[in-house]
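Visitor: Below is the structure I would like to discuss, written out as structure tokens.
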Amino acid sequence: MSDDSRLQKSVLAELDWEPSVTAAHIGVAAEDGVVTLTGHVASYPEKFAAESAARGVKGVRAVAEELEVRLPYGLKRNDDEIAKAAVEHLAWDQAVPPDAIKVAVEKGWITLSGEVPWNFQKEAAERDVRGLSGVIGLTNHTKIKPKVDVADVSDQIMHALDRSWFFDERTVSVTAADGKVHLSGTVRSWHERNVAATTAWSAPGVIAVVNDITVA
Numbered sequence: 001m002s003d004d005s006r007l008q009k010s011v012l013a014e015l016d017w018e019p020s021v022t023a024a025h026i027g028v029a030a031e032d033g034v035v036t037l038t039g040h041v042a043s044y045p046e047k048f049a050a051e052s053a054a055r056g057v058k059g060v061r062a063v064a065e066e067l068e069v070r071l072p073y074g075l076k077r078n079d080d081e082i083a084k085a086a087v088e089h090l091a092w093d094q095a096v097p098p099d100a101i102k103v104a105v106e107k108g109w110i111t112l113s114g115e116v117p118w119n120f121q122k123e124a125a126e127r128d129v130r131g132l133s134g135v136i137g138l139t140n141h142t143k144i145k146p147k148v149d150v151a152d153v154s155d156q157i158m159h160a161l162d163r164s165w166f167f168d169e170r171t172v173s174v175t176a177a178d179g180k181v182h183l184s185g186t187v188r189s190w191h192e193r194n195v196a197a198t199t200a201w202s203a204p205g206v207i208a209v210v211n212d213i214t215v216a
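Residue numbers are given in UniProt numbering: position 36 of the sequence shown equals residue 36, and the series is strictly consecutive.
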């Protein structure tokens, strides 16, 4: 059996194992570590869960997600209902600055915009609306506008990575300019790759992170 075939079977098994995903409606193709998901799901959270499950499989280097959200009739909502629910959820979340996020909804697709000081606030806003009934897709255009600017941000990120036992400074490189961070090198898993990005976003003054770390 080829490596691609084994990877395809592993991803299918992981999707079948994930209780929030109906694997029977999802097709999986694998080529050189790149997994493509096709088919349809019944909600946006299910789509998100399917992609997350695929990324967690050993050997997956990237995921191309081409899943269609097909809402059951009873879950369909008018755009104004979705928008109202989104605004209410954002207002209840203490992690999101008041009135910082703007919401637009078109045919079930939510678009977020505005400015926040930290990336965790941008991610919190996305989590708040991702699971709303009637949502079929999400675009987060919220911008990061930090209140501080740290000149040695790359050194701070490297020190933070060094505190994690699974990072080796010989295999991971960090560069930064004008608040934009570039990560490169190799790690052993998607989890380590994601931790590197999360660590970079935690540094003050960061407005963008380009994660070019590969999983070896």
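Cβ coordinates follow ideal geometry from the N, Cα and C atoms, glycine included.
Taking the CB atoms as reference points, tell me whether G185 and I157 lie closer together than 9 angstroms.
Guide: No, these two residues do not count as a Cβ contact at 9 angstroms.
Visitor: Relative to the C-alpha of W92, which candidate in D128, V11, E14 and E169 has its C-alpha closest?
Guide: Measuring from the Cα of W92, the nearest candidate turns out to be D128.
Visitor: Can you give me the C-alpha to C-alpha distance between K107 and V57, rounded to a whole angstrom?
Guide: Roughly 33 angstroms separates the two Cα atoms.
Visitor: So what does DSSP say about V41, is it helix, strand or coil?
Guide: Three-state result, V41: strand.
Visitor: At 3 residues or longer, what runs of the beta strand (DSSP E) sit wholly inside the UniProt domain "BON" (3 to 71)?
Guide: Segments of the beta strand (DSSP E) lying fully in the UniProt domain "BON" (3 to 71): 26 to 31, 34 to 41 and 62 to 69.
Visitor: Would you decide whether H114 is buried or exposed? Buried here means 16 or more other CB atoms lie within 10 Å of its CB.
Guide: One detail in the question is off: residue 114 reads as Gly in this sequence, not His. Under this definition G114 is a buried residue.
Visitor: Which value, in whole angstroms, describes the spacing of the CA atoms of V87 and L71?
Guide: So the alpha carbons of these two residues sit roughly 22 angstroms apart.
Visitor: By the 10 Å Cβ neighbour count, where 16 or more other Cβ atoms means buried, how is E46 classified, buried or exposed?
Guide: Looking at its Cβ environment, which holds 16 or more other Cβ atoms inside 10 Å, E46 is buried.
Visitor: According to DSSP, what are the bridge partners of T214?
Guide: Per DSSP, T186.
Visitor: To the nearest angstrom, how far is the alpha carbon of V105 from that of D168?
Guide: Approximately 44 angstroms between the Cα atoms of the pair.
Visitor: If you draw a straight line from the alpha carbon of L7 to that of A13, how long is it in whole angstroms?
Guide: About 10 angstroms.
Visitor: CB-CB under 8 angstroms to V153, same chain, minus the five flanking residues each way: which ones, in chain order?
Guide: So the qualifying residues of the chain are A176, G179, V181, A203, P204, G205 and V206.
Visitor: Between A42 and T22, how many whole angstroms is the CB-CB distance? I'm expecting something under 8 angstroms.
Guide: Indeed they touch by this definition, with Cβ atoms about 7 angstroms apart.
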